[in-house]
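Per the numbering used here: the first sequence = residues 304 to 576.
Ideal Cβ positions, reconstructed from N, Cα and C, are used throughout, including at glycine.
Step one of this worksheet: look at the structure below.
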Amino acid sequence: MPELPEVETIRRTLLERVLGLNIIEVKVLWPPVAQNWQDRIFAEVVCGRKIESIERRGKYLLFTLDEGWSLVAHLRMTGRLNYYSCVQVPERHTHLVFSLNQGELHFSDVRKFGRIQLIPTDLRFRLASLAKLGPEPLDADFTANTLGKRLASKKTNLKTALLDQRVLAGLGNIYVDEALFRSGLAPERKVCSLSADEIGKLYGAIREVLQASILAHGTSLRDYRDANGRAGNFQDLLQVYGRGAQPCLKCGRLLEKIRLAGRTTVFCKSCQS
DNA sequence: ACTAACCTGTAA
DNA sequence: TTACAGGTTAGT
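Here you go:
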């Protein structure tokens, strides 16, 4: 479900609700969600901890707790983190309930792909999944030059390269297609064939589309909601994603829909090359 | 570099 | 009934 703008929106809405609160009880309703920990031990460690900060890295949410512990969450396709100010009966697909000293935080996930991992804070970035992530596209020190270097070693097409979290952290199927359309580059273009000027356009498009989506609180097509249960609005501003066979908003030609990197890919054959 | 696997729900 | 869905990974 969520890509960078959605995870960032969840982070921001969570901050307003749970920062500084204490976890007073943990219920693990579906044990595999806690990954490598026995659910009883997971609950034992997390119980009594205070939520000291919530950060984002790519599509991961990092909760720093006190006593040197952290929770690392990935929502995959349909995971949700929902805050309730009052005690709430868990809905159908809820796998984890954190009772706080003020309200409750529920983790639910229809498809059961999402995970919340408990790990000592100082070992966080040793997690293979976090260690291999590429740069944050919205960081101040991420430049077009950095993007160029990241892409330089790749022999694949643009779509495949941009979906690769080791190249750049946080893009998924929606924002790759949107950024490529906005930069006028075809998803099938070989990465090594890009000029410096094209890298610059791609860089600008990636940053712009991510910023715009965060401003709109993310894209809600089906499942995505922020921590308050509210949908985002960026679905109204998508230019290609989900618009296969519909007219291009720039030139009117019908958009192409192909399969690339195992994902549905939509683009305009006239506007993107 | 692709595909299957992990899951459930929804729409064609 | 089949295909497909904001993702990642382990296996060819």
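Starting from residue i and walking both ways along the alpha helix (DSSP H), at which residues does that stretch end?
| i | result |
| --- | --- |
| Pro-308 | 307–321 |
| Ala-508 | 499–518 |
| Arg-528 | Taken as a continuous stretch (DSSP letters only), Arg-528 belongs to no alpha helix (DSSP H), as it is neither H nor E. |
| Val-479 | 476–486 |
| Ser-576 | Taken as a continuous stretch (DSSP letters only), Ser-576 belongs to no alpha helix (DSSP H), as it is neither H nor E. |
| Leu-433 | 431–434 |
I'd like the list of long-range same chain contacts for residue i, defined as Cβ closer than 7 Å, with 5 residues on each side in sequence excluded.
| i | result |
| --- | --- |
| Gly-532 | Asn-385 |
| Val-590 | The chain is shown from 304 up to 576; residue 590 falls before or after that span and cannot be answered. |
| Thr-316 | Asp-529, Ala-530 and Asn-531 |
| Glu-501 | Leu-488 |
| Pro-334 | Asp-342 |
| Arg-314 | Ile-357, Arg-359 and Leu-364 |
Under 6 Å Cβ to Cβ from residue i, same chain only, skipping five residues before and after it: list those, please.
| i | result |
| --- | --- |
| Tyr-478 | Glu-306 and Val-512 |
| Gln-420 | Gln-338 and Val-375 |
| Ala-564 | Lys-462, Thr-463 and Leu-466 |
| Ser-486 | Lys-504, Leu-505 and Ala-508 |
| Ala-482 | Ala-508, Ile-509 and Val-512 |
What three-state label does DSSP hand residue i in the structure shown?
| i | result |
| --- | --- |
| Phe-445 | coil |
| Gly-406 | coil |
| Glu-394 | coil |
| Asp-467 | coil |
| Val-494 | helix |
| Thr-424 | helix |
| Val-349 | helix |
| Asp-412 | strand |
| Cys-543 | The question names Cys, but residue 543 is Val in the sequence shown. Coil. |
Let me know if residue i comes out buried or exposed under the rule of 16 or more other beta-carbons within 10 Å of its beta-carbon.
| i | result |
| --- | --- |
| Asn-339 | exposed |
| Asp-480 | buried |
| Glu-309 | buried |
| Glu-358 | exposed |
| Gly-265 | Only positions 304 to 576 of the chain appear in this structure, which leaves residue 265 out of reach. |
| Gln-514 | exposed |
| Ala-443 | exposed |
| Phe-537 | buried |
| Ala-431 | exposed |
| Pro-490 | buried |
| Asn-404 | exposed |
| Phe-416 | exposed |
| Cys-495 | exposed |
Going by DSSP, what residue range makes up the beta strand (DSSP E) through residue i?
| i | result |
| --- | --- |
| Lys-553 | Note, Lys-553: premise wrong, no beta strand (DSSP E); not H, not E. |
| Asn-385 | 382–387 |
| Ala-376 | 372–377 |
| Val-331 | 326–331 |
| Phe-366 | 363–368 |
For residue i, tell me which candidate among the options has the shortest Cα-Cα distance.
| i | options | result |
| --- | --- | --- |
| Val-349 | Ala-519, Leu-558, Ile-422 and Glu-481 | Ile-422 |
| Asn-448 | Thr-397, Lys-457, Gly-503 and Gly-475 | Gly-503 |
| Arg-360 | Gln-514, Leu-474 and Arg-510 | Leu-474 |
| Leu-368 | Pro-334, Leu-563 and Ile-326 | Ile-326 |
| Val-329 | Arg-562, Ser-402 and Gln-468 | Ser-402 |
| Leu-322 | Met-380, Trp-333 and Glu-407 | Glu-407 |
| Arg-492 | Gly-351, Ser-576, Tyr-387 and Pro-335 | Ser-576 |
| Ser-388 | Arg-566, Asp-539 and Arg-320 | Arg-320 |
| Gly-382 | Val-390, Gln-391 and His-396 | His-396 |
| Asn-460 | Ile-313, Arg-314, Thr-568 and Met-304 | Thr-568 |
| Leu-497 | Leu-471, Lys-458 and His-520 | Lys-458 |
| Gly-351 | Lys-452, Leu-324 and Lys-362 | Leu-324 |
Enumerate in chain order the residues of its own chain whose CB-to-CB distance from residue i is below 8 Å, with the five nearest sequence positions on each side excluded.
| i | result |
| --- | --- |
| Cys-571 | Phe-484, Val-543, Cys-551, Lys-553, Cys-554, Arg-556, Leu-558 and Glu-559 |
| Glu-394 | His-409 and Ser-411 |
| Gln-549 | Leu-557 and Leu-558 |
| Leu-541 | Ile-477, Glu-481 and Thr-522 |
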